[in-house]
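*Asks:*
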């Protein structure tokens, strides 16, 4: 189920979608476009806003699971590392770089 959400996100990113005039092409640019306060972390509502802007469909329970996975230190905020790691782990094709 998480894989399906990540697939939707990746498809939107590879299509070069825009969020608030920011072109998003990968997880990092997606995160930065949502982090409008430039604090290095996203709230649940900011992530939900980003998913809606990319037309990513995600049931509430699945969204909760994804946020809990991304929130590594359980402070209610999603930091870049946790965001990218969760996207990578749920990605159907793993890219290994050395």
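Numbering (the working numbering), first residue to last: 27 to 124. Ideal Cβ positions, reconstructed from N, Cα and C, are used throughout, including at glycine.
1. Identify every residue that forms a DSSP beta bridge with residue 105.
2. Any idea what DSSP makes of residue 40, helix, strand or coil?
3. State the Cα-Cα distance for the pair residue 89 and residue 115, rounded to the nearest angstrom.
4. If you check the beta carbons only, do residue 57 and residue 39 fall under 8 Å apart?
5. Buried or exposed: which applies to residue 85, given that a residue is buried once 16 or more other Cβ atoms fall within 10 Å of its Cβ?
6. Distance, Cα to Cα, residue 66 vs residue 45?
*Replies:* According to the structure shown:
1. Translated into the one-based positions of the chain shown, residue 105 becomes position 79. Looking at the DSSP assignment, residue 105 forms a beta bridge with 67.
2. Residue mapping note: residue 40 aligns to position 14 of the chain shown, counting from 1. Residue state, collapsed to three classes: helix.
3. As a working note, residue 89 is residue 63 in the chain shown. As a working note, residue 115 is residue 89 in the chain shown. Inter-residue distance for residue 89 and residue 115 is about 16 Å (C-alpha atoms, whole angstroms).
4. One-based indexing of the chain shown puts residue 57 at position 31. One-based indexing of the chain shown puts residue 39 at position 13. For the 8 Å CB-CB criterion, residue 57 and residue 39 do not form a contact.
5. Locating residue 85 in the chain shown gives position 59, counting from the first residue. Counting Cβ neighbours within 10 Å, residue 85 comes out exposed, since fewer than 16 surround it.
6. Residue mapping note: residue 66 aligns to position 40 of the chain shown, counting from 1. Residue mapping note: residue 45 aligns to position 19 of the chain shown, counting from 1. If I take the Cα positions, the gap works out to 17 Å.
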